[in-house]
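A.B. asks: Can you keep this structure in mind? I'll have questions shortly.
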Amino acid sequence: MIMNTPSSLPLSWLQILLQDTQLSQFELVQSLWSDFGQLLRCYSPARQASVIIKLISQPATFRHPRGWSSQHSLKRKWRSYEIEQYFYTHYAPLFAGHGNLAKLITSDAQNNESETRLALVLSDLNAAGFEYRHQQLSADACKPVLAWLAAFHARFIHQAPDGLWQQGSYWHLATRPDEFSKMAEGPLKQFGPAFDKTLQQCPYRTLIHGDAKVANFCFSADGQAVAAVDFQYVGGGIGVQDVAYFLGSVLSEQDLLNHTEDCLDYYFGELRSTLSKHLAPEECEAVCNSWRQLYCVANADFHRFLAGWSPEHFKINRMLQQQTEQAIALVSARPQ
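Counting the sequence shown from 1 gives a position; our numbering is that position plus 198.
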């Protein structure tokens, strides 16, 4: 929806940032989580192109939609935007030619007594041909995203997450002390630390997107090409953490039960093909074998988060419960 330039928009700052005094056709794409700002599209005559502006400001009052409104949550959320800025500045250029994502045009932060705000100006993926979004896909239609994830994980294999989250994702145990303390006693709470430790101890680490739900992928008209957005939780991890989260966000419960193995076969085929260009064959196989074995643990770790954050969540389904049972058996058999 095209809107008049709102009075609350720091227009002069954005004009200086973009070196364009004629910015126009402002459109609200969406509000950011918990009133942290807005995602806007506007037209820049100086560039003869539309751009995306991610305008972040700390809200006067922080109200998490599910009640998790601690100072810990507030600091984590603000830090996530700083991480995203760092990723687009320092890591996204390293992924050029390997997969699609928006280009950072410019960014800036302002701190004063009344407000702290950050602006990221990005290329418009809609204008680049990635204008479609999906909420659910068939297993076959997941392949372009699985290929994108495989390319990302292969490109950053053994990459230290300098400047990013040491542990990627928004649900890992260290970042969720409030939710974990509220969990009911039971196997998930008992084995939660073991799931986390098992994932961290995997020797084959990479960078993970950290929030690889289907809503964070933009699709071409034919569905054969994708671009990823929203790198607030990018950091260290293992590839199947992204894969488990993505499949859980996009496939129906029945498709998860019927087609997860097919999706994993495809992902690891893509991963193996790309890794083989950089790693010795033995190490390539070791990465794939290790990550595939830990797929159930990645699911169980997310299950642990959901059980504390929103225990009635629809994603706690038969497939997630089955994967958790496998993970408990796996970590129980390992020395801790």
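Beta carbons: idealized from backbone N, C-alpha and C, even for Gly.
1. Is it true that the CB of aspartate 394 sits closer than 8 Å to the CB of leucine 371?
2. Go through the region 348–382 residue by residue and report every complete run of the alpha helix (DSSP H) that reaches 4 residues or more, in order.
3. Would you tell me roughly how many angstroms separate the C-alpha atoms of glutamine 246 and serine 321, rounded to the nearest one?
4. Span of the alpha helix (DSSP H) holding phenylalanine 503?
5. Report the rounded CA-to-CA distance for asparagine 310 versus alanine 325, giving the unit in angstroms.
6. From this set, Leu238, Gly446, Leu302 and Gln399, which residue's C-alpha is nearest glutamine 228's C-alpha?
7. Whole-angstrom Cβ separation of histidine 332 and valine 412, contact assumed at under 8 Å?
8. In whole angstroms, what is the alpha-carbon distance linking leucine 477 and leucine 292?
9. DSSP three-state call for alanine 525: helix, strand or coil?
10. CB-CB under 6 Å to glycine 235, same chain, minus the five flanking residues each way: which ones, in chain order?
11. To the nearest angstrom, report how far apart leucine 226 and glycine 384 are at their CA atoms.
12. Just how far apart, CA to CA, sit leucine 318 and serine 530?
13. Within this structure, are the beta carbons of threonine 404 and glutamine 364 separated by less than 8 Å?
14. Fully enclosed by the region 307–332, which beta strand (DSSP E) runs are 3 residues long or longer?
15. Specify, as a first and last residue, the run of the beta strand (DSSP E) that leucine 335 falls within.
16. Per DSSP, asparagine 298 forms a beta bridge with which residues?
17. Candidates Leu302, Leu469 and Pro359: which alpha carbon is nearest histidine 296's?
18. Please classify phenylalanine 415: does DSSP put it in a helix, a strand, or coil?
19. Contact between the region 339–359 and the region 424–442: three or more CB pairs below 8 Å?
20. My assumption, with CB atoms under 8 Å, is that glycine 408 sits in contact with valine 432. Please give the rounded CB distance.
21. Can you tell which of Ile514, Ala392 and Arg502 has its C-alpha closest to the C-alpha of glycine 446?
22. Is valine 485 closer than 8 Å to isoleucine 355 when the C-beta atoms are compared?
23. What do you get for isoleucine 281, buried or exposed, if any count of 16 or more other CB atoms within 10 angstroms of its CB means buried?
24. Note down the Cα distance separating threonine 219 from leucine 209, rounded to an integer number of angstroms.
25. Would isoleucine 436 and cysteine 461 qualify as a contact pair, given that the criterion is a beta-carbon distance under 8 Å?
26. Mapping DSSP to helix, strand and coil, what is glycine 235?
27. Taking the beta strand (DSSP E) that serine 229 falls in, what are its first and last residues?
28. Determine the DSSP secondary structure at leucine 158, reduced to helix, strand or coil.
29. Looking at C-alpha atoms only, which residue of Asn414, His270, Met517 and Thr472 is the closest neighbour of histidine 457?
30. How would you label leucine 316, buried or exposed, when you count the other beta carbons within 10 angstroms and need 16 or more for buried?
31. Taking the alpha helix (DSSP H) that alanine 392 belongs to, which residues open and close that run?
C.D. replies: From the atom records:
1. Against a cut-off of 8 Å, the Cβ pair of aspartate 394 and leucine 371 comes out as a contact.
2. 375–380
3. Counting only the Cα atoms, serine 321 lies some 12 Å from glutamine 246.
4. 493–507 is the extent of the alpha helix (DSSP H) around phenylalanine 503.
5. Whole-angstrom Cα-Cα distance: 35 Å.
6. Leu238
7. Confirmed, about 6 Å.
8. 18 Å
9. Here alanine 525 carries a helix assignment [DSSP, helix/strand/coil].
10. Closer than 6 Å at Cβ, skipping near neighbours: Leu253, Ile254 and Ser255.
11. 44 Å
12. 45 Å
13. no
14. 314–321
15. Segment: none, leucine 335 is in no beta strand (DSSP E) and carries neither H nor E.
16. Ala425
17. Leu469
18. Assignment of phenylalanine 415 by DSSP, reduced to helix, strand and coil, places it in the strand class.
19. yes
20. Yes, they are in contact, since the Cβ atoms of glycine 408 and valine 432 sit about 5 Å apart, within 8 Å.
21. Ile514
22. yes
23. buried
24. Answer to the nearest angstrom: the Cα atoms are 9 Å apart.
25. no
26. strand
27. 222–229
28. The question about residue 158 has no answer, for the chain in this structure spans 199 to 534.
29. When only C-alpha atoms are compared, the closest one is Met517.
30. Leucine 316 comes out buried.
31. Where alanine 392 is concerned, the enclosing alpha helix (DSSP H) stretches over 385–398.
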